[in-house]
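So the sequence shown is residues 55 to 197, counted in my numbering. All C-beta atoms, glycine included, are put in the ideal place defined by N, C-alpha and C.
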Amino acid sequence: MNLFKRIFRIGQAEIHAAVEKMEDPVKMTEQGLRELRDDLAQATEAYARVKALAIRTENEQAVCQKESLQYAEKAILIMQKAQHGEVDITRAEQLAREALSLRRQYYADAEDLGSQAVAHRESSEQLLKNIDILKENLAKWEK
């Protein structure tokens, strides 16, 4: 029985020695720094993508707002032409309704895009905060 205990203890000692070699603190710190740098690079890339998406969404919102205003102006213009007798009143009312329907659609699209743009901006701000935290941690560990 004693022989088995001694063999077991020798085996344990060998295992502990192997684990200690694998857990070299310098290597673990270097690995941690590499992982932090990788995380920083990924976060920076994600920030750039989200920021670009926010800008693109804001531009699309501006286009929809402009289209909405243009269709409202077209509805007014066609009704003015009908009042001056340049266009049949029935046809003018039909065209004005279509223009106002398109105006409502573009307005709704602009509202949706506005909400999306706000969400993208908030996400980009949060990513920027995370990037700052990663930079601080990296600077601390590199000292």
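| Item | Value |
| --- | --- |
| Using the C-alpha atoms, what's the distance from Tyr125 back to Asp163? | 14 Å |
| Do Glu196 and Leu87 have their beta-carbon atoms positioned less than 8 Å apart in this structure? | yes |
| Looking at C-beta atoms only, is the number of pairs between the segment 180–191 and the segment 88–98 that lie closer than 8 Å three or more? | yes |
| Less than 8 Å between the C-beta atoms of Val141 and Ile130, yes or no? | no |
| Ends of the alpha helix (DSSP H) at Gly168? | Ile143 to Glu196 |
| Is Ile130 near the ligand COA, judged by its Cβ being under 7 Å from some heavy atom? | Absence of the ligand COA is noted for the structure shown, with no ligands found whatsoever. |
| Just mark Ala171 as buried or exposed, buried being the case when its beta carbon has 16 or more other beta carbons within 10 Å. | buried |
| Roughly how far, in whole angstroms, is the beta-carbon of Leu167 from the beta-carbon of Gln115, given that I think they are within contact range, below 8 Å? | 4 Å |
| Would Ala193 be called buried (16 or more neighbouring beta carbons within 10 Å of its own) or exposed? | exposed |
| Cβ atoms of Ala146 and Ala153: under 8 Å apart, would you say? | no |
| So what's Gly86 in DSSP terms, helix, strand or just coil? | helix |
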